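Novice: For what it's worth, my numbering labels the leading residue of the sequence shown as 6, then goes sequentially. Every residue, glycine too, gets a C-beta built ideally from N, C-alpha and C. Remember, predicted model here, so these are calculated numbers, not experimental data. This is the structure I have questions about; it appears just below.
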Amino acid sequence: SEATHGSARDREAEAYGGAELDDDAIYGSGGIFGGGRGNQRKELSYEEALAKERRFKEKKEAEKAARVEELKMKEEEKQKKMLEMLGLSGIATTGKKITIAPRNDGNNTGGTN
Numbered sequence: 006s007e008a009t010h011g012s013a014r015d016r017e018a019e020a021y022g023g024a025e026l027d028d029d030a031i032y033g034s035g036g037i038f039g040g041g042r043g044n045q046r047k048e049l050s051y052e053e054a055l056a057k058e059r060r061f062k063e064k065k066e067a068e069k070a071a072r073v074e075e076l077k078m079k080e081e082e083k084q085k086k087m088l089e090m091l092g093l094s095g096i097a098t099t100g101k102k103i104t105i106a107p108r109n110d111g112n113n114t115g116g117t118n
């Protein structure tokens, strides 16, 4: 069928009284079938909303801290494996500094070539 033009729709709403229906009026707030959506859409008080937001933020911070700790452990494990691969695992645990022996190529002038 044909679509109703905007101005005609406005006149039609005025003719019927222009009543605005909310979800409770349309679906009922309990009704015969016990349905409706009125009971499910309870709004939170200000304090409840703040508490809910605080719990959400605390949960996110805890997840973030756990992830950071996990990444630190992985990085430490990588460093340990690298030191073992280079044969320096004993030095890292004793706190000794790694020293590199001076070159002994027969030309110790100290300059660059």
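1) So what does DSSP say about ARG16, is it helix, strand or coil?
2) Quick check: what's the CA-CA separation for GLU82 versus LEU88?
3) Return yes when the Cβ of LEU93 is within less than 9 Å of the Cβ of ILE103, no when it is not.
4) Give me the Cβ distance between LEU49 and LYS62, rounded to the nearest whole Å; I'm assuming they're in contact under 8 Å.
5) Any idea what DSSP makes of ARG108, helix, strand or coil?
Specialist: In this structure, then:
1) Here ARG16 sits in helix by DSSP.
2) Going by the C-alpha atoms only, they are around 10 Å apart.
3) Remark: C-beta atoms of ILE103 and LEU93 approach each other more closely than 9 Å.
4) The Cβ separation is near 16 Å, so there is no contact.
5) In the structure shown, ARG108 adopts coil according to DSSP, grouped into three states.
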